């Protein structure tokens, strides 16, 4: 008696734990066979095949497919949604077109500005080159002027023999430079 009462108590506890709408495993298997779109193979007419995608307890395409045509309200709504979609796509295309035109104009303006900047930098570079040439000529003229001042110094004014010797060597160096060129 205890074994039968234990099995009855486990059945009742299983029923209590599971929802009322959930069928047992045997019922799920039977439901899946009923809802299954079975195909007959050509070689053996008694052999039935289950589709590969069907699982026990899941509804198949036969049970979920609607066999009725669409109603007029639903068709109108679908048509309105489709025309709204077309209009929305057209407005998006126009907006995209205007944005790309604006971007193109901005890019062209940027190119023009960079061309003008390059021209200004080229002019500044030419001015810098002229400035460097003038500075070089100025330094050369200062050297010549210093050499002329050195040559015009009188040796008689110097009382220090070392300074006199340095002055003579510098004068000889300047004279050789002028004679070589």
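In the numbering used here, the protein residues as written are 14 to 194. Just so it is clear, CB atoms sit at the ideal spot from N, CA and C, and this is done for glycine as well. Since we're looking at a predicted model, the values are computed, not measured.
{"query": "Where the alpha helix (DSSP H) containing residue 158 begins and where it ends", "result": "85–165"}
{"query": "Under 8 angstroms between C-beta atoms of residue 187 and residue 164", "result": "yes"}
{"query": "Extent of the continuous alpha helix (DSSP H) to which residue 7 belongs", "result": "Any answer about residue 7 is impossible in this case: the structure gives the chain only from 14 up to 194."}
{"query": "Inter-residue spacing [alpha-carbon to alpha-carbon] between residue 126 and residue 132", "result": "10 angstroms"}
{"query": "Assigned exposure category for residue 185 - 16 Cβ within 10 Å defines buried", "result": "exposed"}
{"query": "Whole-number beta carbon distance between residue 161 and residue 168, since they are thought to touch under 8 angstroms", "result": "That belief does not hold up - the Cβ atoms of residue 168 and residue 161 are roughly 16 angstroms apart, past 8 angstroms."}
{"query": "Whole-angstrom distance between residue 83 and residue 58, CA atom to CA atom", "result": "For residue 58, the pLDDT reaches just 48, beneath the cut-off of 50, and the residue's location in the model is therefore unreliable, although a value from the coordinates is still provided. Spanning the two alpha carbons is a distance of roughly 36 angstroms."}
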